[in-house]
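Letter by letter, the sequence shown follows residues 1 to 189 in the numbering used here.
Here the structure comes first, spelled out in C-alpha coordinates, and everything after it is commentary.
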Amino acid sequence: GFQTQAVLIDARGHLLGRLASIIAKTLLKGQRVTVVRCEEINISGSFYRNKLKYLDFMRKRCNTNPNKGPYHLRAPSKILWRVIRGMVPHKTNRGKEALFLFRGFEGIPAPYDKMKRHVIPSALKIQRMKPTRKYCRLGRLSHEVGWKYQSVIATLEEKRKVRSQKFYTAKKRSMKIDATAKKVLLDTD
(Lines of atoms letter the chains of each structure in order from A and count residues from 1; the text may use other names and numbers.)
(Lines give C-alpha, C1' and ligand atoms only; values in the text may rest on other atoms or scores of the structure.)
Protein backbone atom coordinates (compact mmCIF):
# COMPACT_ATOMS: atom_id res chain seq x y z
CA GLY A 1 0.00 0.00 0.00
CA PHE A 2 0.83 3.69 -0.12
CA GLN A 3 3.16 5.11 2.56
CA THR A 4 4.21 8.69 3.29
CA GLN A 5 7.69 7.40 4.16
CA ALA A 6 9.98 6.35 1.31
CA VAL A 7 10.23 2.66 0.38
CA LEU A 8 13.87 1.61 0.83
CA ILE A 9 15.08 -0.94 -1.73
CA ASP A 10 18.38 -2.81 -1.59
CA ALA A 11 19.27 -3.20 -5.27
CA ARG A 12 21.85 -5.99 -4.82
CA GLY A 13 21.10 -8.93 -7.13
CA HIS A 14 18.23 -7.24 -9.01
CA LEU A 15 18.00 -7.01 -12.80
CA LEU A 16 18.23 -3.43 -14.07
CA GLY A 17 15.20 -3.26 -16.38
CA ARG A 18 12.82 -5.21 -14.17
CA LEU A 19 13.76 -3.19 -11.10
CA ALA A 20 13.43 0.09 -13.02
CA SER A 21 9.96 -0.77 -14.38
CA ILE A 22 8.59 -1.58 -10.91
CA ILE A 23 10.15 1.58 -9.45
CA ALA A 24 8.76 3.70 -12.32
CA LYS A 25 5.23 2.39 -11.71
CA THR A 26 5.57 2.99 -7.96
CA LEU A 27 6.82 6.56 -8.52
CA LEU A 28 3.90 7.36 -10.83
CA LYS A 29 1.52 6.31 -8.05
CA GLY A 30 3.09 9.03 -5.88
CA GLN A 31 5.18 6.80 -3.61
CA ARG A 32 8.69 7.92 -2.64
CA VAL A 33 11.39 5.35 -3.49
CA THR A 34 15.01 5.23 -2.29
CA VAL A 35 17.41 2.69 -3.78
CA VAL A 36 20.74 1.77 -2.14
CA ARG A 37 23.66 -0.35 -3.42
CA CYS A 38 23.02 0.60 -7.07
CA GLU A 39 26.52 -0.65 -7.98
CA GLU A 40 25.36 -4.22 -7.20
CA ILE A 41 22.56 -4.21 -9.81
CA ASN A 42 22.89 -6.92 -12.47
CA ILE A 43 22.37 -6.62 -16.22
CA SER A 44 21.64 -9.68 -18.35
CA GLY A 45 24.12 -10.39 -21.14
CA SER A 46 27.89 -10.63 -20.97
CA PHE A 47 29.99 -7.76 -19.65
CA TYR A 48 31.69 -7.28 -23.02
CA ARG A 49 28.35 -6.92 -24.85
CA ASN A 50 26.99 -4.43 -22.32
CA LYS A 51 30.20 -2.40 -22.43
CA LEU A 52 29.98 -2.19 -26.23
CA LYS A 53 26.36 -1.01 -25.94
CA TYR A 54 27.32 1.69 -23.43
CA LEU A 55 30.31 2.83 -25.52
CA ASP A 56 27.95 3.06 -28.51
CA PHE A 57 25.66 5.26 -26.41
CA MET A 58 28.64 7.41 -25.35
CA ARG A 59 29.47 8.06 -29.02
CA LYS A 60 26.09 9.76 -29.52
CA ARG A 61 26.48 13.51 -28.95
CA CYS A 62 25.45 16.85 -30.39
CA ASN A 63 27.80 17.63 -33.27
CA THR A 64 27.76 21.43 -32.94
CA ASN A 65 27.86 21.64 -29.13
CA PRO A 66 28.21 18.50 -26.99
CA ASN A 67 27.08 20.51 -23.92
CA LYS A 68 23.55 20.37 -25.32
CA GLY A 69 23.42 16.61 -24.66
CA PRO A 70 22.82 13.72 -24.59
CA TYR A 71 24.59 13.45 -21.23
CA HIS A 72 26.39 10.18 -20.56
CA LEU A 73 26.07 9.64 -16.82
CA ARG A 74 28.65 7.24 -15.38
CA ALA A 75 27.53 6.62 -11.78
CA PRO A 76 25.40 3.46 -11.23
CA SER A 77 22.66 5.42 -9.42
CA LYS A 78 22.50 7.89 -12.31
CA ILE A 79 22.35 5.08 -14.88
CA LEU A 80 19.42 3.59 -12.95
CA TRP A 81 17.81 7.06 -12.80
CA ARG A 82 18.10 7.39 -16.58
CA VAL A 83 16.59 3.94 -17.18
CA ILE A 84 13.68 4.90 -14.91
CA ARG A 85 13.33 8.24 -16.74
CA GLY A 86 12.83 6.30 -19.97
CA MET A 87 9.87 4.50 -18.38
CA VAL A 88 8.21 7.67 -17.06
CA PRO A 89 6.53 10.44 -19.14
CA HIS A 90 9.22 12.84 -17.87
CA LYS A 91 8.20 15.77 -20.09
CA THR A 92 4.82 16.11 -18.39
CA ASN A 93 4.26 17.59 -14.93
CA ARG A 94 3.10 14.20 -13.63
CA GLY A 95 6.32 12.56 -14.84
CA LYS A 96 8.56 15.35 -13.48
CA GLU A 97 6.93 15.09 -10.07
CA ALA A 98 7.32 11.31 -10.15
CA LEU A 99 11.07 11.59 -10.87
CA PHE A 100 11.50 14.00 -7.94
CA LEU A 101 10.32 11.19 -5.65
CA PHE A 102 13.29 8.96 -6.59
CA ARG A 103 16.64 8.84 -4.82
CA GLY A 104 19.51 6.49 -5.68
CA PHE A 105 22.79 5.81 -3.88
CA GLU A 106 25.94 3.77 -4.30
CA GLY A 107 26.63 1.80 -1.14
CA ILE A 108 24.40 2.35 1.90
CA PRO A 109 24.95 5.87 3.29
CA ALA A 110 24.40 6.96 6.89
CA PRO A 111 20.65 7.24 7.55
CA TYR A 112 19.74 4.17 5.50
CA ASP A 113 22.21 1.69 7.03
CA LYS A 114 20.03 1.41 10.14
CA MET A 115 16.70 1.09 8.30
CA LYS A 116 14.90 -2.00 7.07
CA ARG A 117 15.64 -2.60 3.39
CA HIS A 118 13.32 -4.39 0.96
CA VAL A 119 13.85 -6.53 -2.13
CA ILE A 120 11.57 -7.03 -5.14
CA PRO A 121 11.34 -10.81 -5.71
CA SER A 122 10.00 -10.49 -9.27
CA ALA A 123 13.10 -8.47 -10.27
CA LEU A 124 15.76 -10.71 -8.70
CA LYS A 125 18.32 -12.27 -11.07
CA ILE A 126 18.16 -15.57 -9.20
CA GLN A 127 14.38 -15.75 -9.88
CA ARG A 128 14.41 -14.57 -13.48
CA MET A 129 17.55 -15.94 -15.14
CA LYS A 130 18.88 -19.43 -15.68
CA PRO A 131 22.05 -19.98 -13.65
CA THR A 132 24.09 -20.68 -16.81
CA ARG A 133 23.28 -17.32 -18.45
CA LYS A 134 25.84 -14.53 -18.56
CA TYR A 135 25.34 -11.29 -16.68
CA CYS A 136 27.36 -8.31 -15.47
CA ARG A 137 27.41 -5.92 -12.51
CA LEU A 138 26.46 -2.29 -13.08
CA GLY A 139 29.32 -1.16 -10.79
CA ARG A 140 31.95 -2.80 -13.00
CA LEU A 141 30.39 -1.39 -16.17
CA SER A 142 30.32 2.12 -14.65
CA HIS A 143 33.95 1.78 -13.55
CA GLU A 144 35.04 0.76 -17.05
CA VAL A 145 33.27 3.71 -18.71
CA GLY A 146 34.59 6.39 -16.33
CA TRP A 147 33.02 6.21 -12.85
CA LYS A 148 35.85 7.13 -10.44
CA TYR A 149 34.50 6.04 -7.06
CA GLN A 150 34.38 2.23 -7.13
CA SER A 151 37.29 1.83 -4.68
CA VAL A 152 35.92 4.56 -2.37
CA ILE A 153 32.51 2.89 -2.18
CA ALA A 154 34.17 -0.52 -1.64
CA THR A 155 36.11 0.72 1.42
CA LEU A 156 33.06 2.50 2.86
CA GLU A 157 31.00 -0.68 2.40
CA GLU A 158 33.65 -2.77 4.19
CA LYS A 159 33.52 -0.40 7.18
CA ARG A 160 29.72 -0.48 7.20
CA LYS A 161 29.66 -4.29 7.12
CA VAL A 162 32.02 -4.47 10.11
CA ARG A 163 29.76 -2.07 12.06
CA SER A 164 26.59 -3.98 11.15
CA GLN A 165 28.21 -7.31 12.09
CA LYS A 166 29.14 -5.91 15.51
CA PHE A 167 25.56 -4.66 15.98
CA TYR A 168 24.10 -8.01 14.89
CA THR A 169 26.23 -10.07 17.32
CA ALA A 170 25.19 -7.74 20.18
CA LYS A 171 21.55 -8.07 19.12
CA LYS A 172 21.79 -11.88 19.02
CA ARG A 173 23.34 -11.90 22.49
CA SER A 174 20.54 -9.72 23.92
CA MET A 175 17.88 -11.87 22.21
CA LYS A 176 19.42 -14.99 23.76
CA ILE A 177 19.39 -13.38 27.23
CA ASP A 178 15.73 -12.36 26.72
CA ALA A 179 14.79 -15.89 25.68
CA THR A 180 16.46 -17.46 28.74
CA ALA A 181 14.81 -14.87 31.04
CA LYS A 182 11.38 -15.68 29.57
CA LYS A 183 12.05 -19.39 29.99
CA VAL A 184 13.03 -18.89 33.66
CA LEU A 185 9.87 -16.81 34.25
CA LEU A 186 7.67 -19.48 32.67
CA ASP A 187 9.35 -22.23 34.72
CA THR A 188 8.82 -20.38 38.03
CA ASP A 189 5.08 -19.95 37.31
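Ideal placement from N, C-alpha and C gives every residue a C-beta, glycine not left out.
Between which residues of its own chain and residue i is the CB-CB distance below 8 Å, once the five residues before and five after are set aside?
{"i": "L55", "result": "V145"}
{"i": "Q5", "result": "R32"}
{"i": "R94", "result": "L28"}
{"i": "R160", "result": "G107, I108 and D113"}
{"i": "F2", "result": "K29, G30 and Q31"}
Consult DSSP for residue i and reduce its assignment to one of helix, strand or coil.
{"i": "L101", "result": "coil"}
{"i": "T132", "result": "coil"}
{"i": "L73", "result": "coil"}
{"i": "H143", "result": "helix"}
{"i": "I108", "result": "coil"}
{"i": "N65", "result": "coil"}
{"i": "M87", "result": "coil"}
{"i": "K159", "result": "helix"}
Below 8 Å on the Cβ atoms is my contact criterion, and I expect residue i with residue j to pass it. Report the Cβ-Cβ distance as a whole number of Å.
{"i": "V119", "j": "L80", "result": "Actually they do not touch by this definition, with Cβ atoms about 15 Å apart."}
{"i": "F57", "j": "I84", "result": "At roughly 16 Å, the Cβ-Cβ gap does not stay under 8 Å, so F57 and I84 are not in contact."}
{"i": "S46", "j": "C136", "result": "7 Å"}
{"i": "R37", "j": "R12", "result": "5 Å"}
{"i": "K134", "j": "L8", "result": "Not really, about 30 Å apart at Cβ, beyond 8 Å."}
Could you tell me which residues DSSP pairs with residue i in its beta bridges?
{"i": "D10", "result": "V36"}
{"i": "V44", "result": "The residue asked about is misnamed: residue 44 is Ser in this sequence, not Val. Answer is Y135, bridged to S44."}
{"i": "H118", "result": "I9"}
{"i": "L15", "result": "N42"}
{"i": "L124", "result": "H14"}
What does a CB cutoff of less than 7 Å around residue i pick up in its chain, not counting 5 residues either side in sequence?
{"i": "R74", "result": "S142, V145, G146 and W147"}
{"i": "R140", "result": "F47"}
{"i": "S21", "result": "M87"}
### Query
Are at least three pairs of beta-carbons, each pair with one atom in the stretch 95-109 and one in the stretch 147-163, less than 8 Å apart?
Flag = yes, the stretch 95-109 and the stretch 147-163 touch.
### Task
Indicate whether the contact test is met: 3 or more Cβ pairs, each with one atom in the stretch 92-102 and one in the stretch 123-135, closer than 8 Å.
At 8 Å Cβ cutoff, the stretches do not touch.
### Query
Pairing CB atoms from the stretch 45-60 with CB atoms from the stretch 13-25, are three or more of them under 8 Å?
no
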